[in-house]
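First comes the structure, then the notes that go with it.
In full-length UniProt numbering, the protein residues as written are 1 to 290.
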C-alpha cells in the first residue's frame, strides 16, 4: 500500500478533510476564523508537497547507494577471483619446479652410475638428496595452495550469490524508484495546483504570518488539546486556553506563546471523559456526512 493511502488516516489528512468542508466549524456551535480553516488546508498541502519532494530527492540517492553496494560486492568477488587465479598460477610453477627437480634427479643418477670415485658418488648423492627435499617441500606447498583454493572457492560461491542478490535488489529498487517518482511528480503537480488556487483566498497578512512561521518551524498551524500545544508540547496559559475553547467569535487567530504557531481547537477531542453525551470528532463527522 502506498504511503499516500496511509496518510488518509493521519491527523493532518483528517485536518485537510476538516478544512475543506465549510460545514465543519459549525457542527457543534464552535466557530473558527475563516482564514484559519484555509491555512489548515494549505498546511496539509505544504506538508504533502514537502513529503513528495523529499521522496523524489531521496529515491535516486537510494538507488545510487545500491549501485555502490553492488560495485562493492563485485569488487570483493574480483579480489577472490584474483586470489584463486594466483593460487592456480603458483601451483603451475610448483608443478613445473617439481618436474625440473625430478628430471635433475634422473640426470644425476645417470651421472652417478658413471662415477669413478667415492667423492663423486658422495657429491651426486648430496645433490639427489637436496632435489628430493625440494620436491617434498614443493609438494607440501602445493597441497597448502590447494587447501587455500578450496577455501577461496567457498568464498567465491558466497560472493557470486551476493553479487546476484545485489543485482536483483538494485533492479527491483531502480524500477520501484522510477515508478514512485513518476507518481510523486504527478501527485506533486496536483498538490501545487491546489496550493496555488488556495493561497489567493487567504488574507495577505495572515498568509505572510503563516509563511514566516512555517519557514522557521516547518509547520505554522497546530492543534491545541488538553491545554497543550500539540506541536511543541508546551502548556498554554489558562486564559489563552479558555479563550481558545470558549470564544464564540471568529475575529482573531490565537497562537502558542512558546512556539508561535497558530492554534486551532477541536472540542470533540478535548477531555472526552468530561462530556456526558458522546461527541464525534470534527473529522469523523465530516466523513460520516459524506
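The beta carbon of each residue, even a glycine, is placed where N, CA and C say it ideally should be.
This one's a predicted model, so the numbers in the text were calculated from it and none came from an experiment.
Taking C-alpha positions only, residue 104 is separated from residue 89 by approximately 23 Å. In this structure, DSSP gives residue 203 a state outside helix and strand, which the three-state scheme calls coil. The C-alpha of residue 214 lies about 41 Å from the C-alpha of residue 166.
Annotation for residue 221: 39, 40, 43 and 262 place their beta carbon closer than 6 Å to its own, counting only its chain and skipping 5 residues before and after. In the assembly as shown, residue 208 is an exposed residue. Its beta-carbon has fewer than 16 other beta-carbons within 10 Å.
Measuring C-alpha to C-alpha distances from residue 180 to each of 33, 55, 48 and 35 identifies 55 as the nearest. In the structure shown, the three-state DSSP call for residue 65 is helix. In the three-state scheme derived from DSSP, where H, G and I count as helix and E and B as strand, residue 254 is classed as strand. Annotation for residue 148: 87 place their beta carbon closer than 7 Å to its own, counting only its chain and skipping 5 residues before and after.
Taking the CA atoms as reference points, residue 183 sits about 25 Å from residue 219.
Beyond the five residues adjoining it in sequence on each side, residue 211 comes within less than 8 Å, by CB distance, of 220 in the same chain, given in chain order. With fewer than 16 other CB atoms across the displayed protein chains lying within 10 angstroms of its CB, residue 233 is exposed.
Counting along the chain, the unbroken beta strand (DSSP E) around residue 224 starts and ends at 221-225. Taking 8 Å as the cut-off, the beta carbon of residue 195 is found no closer than this to the beta carbon of residue 33. Around the C-beta of residue 106, fewer than 16 other C-beta atoms lie within 10 Å, and the residue is accordingly described as exposed. Ranked by Cα distance from residue 35, the options 65, 100, 146 and 198 are led by 198. The bridge partners DSSP lists for residue 235 are 228.
Per DSSP, the continuous alpha helix (DSSP H) segment holding residue 188 begins and ends at 118-198. In the DSSP secondary-structure assignment, residue 262 is bridged to 221 and 255.
DSSP, reduced to helix, strand and coil, places residue 33 outside both helices and strands of the structure shown, so it counts as coil.
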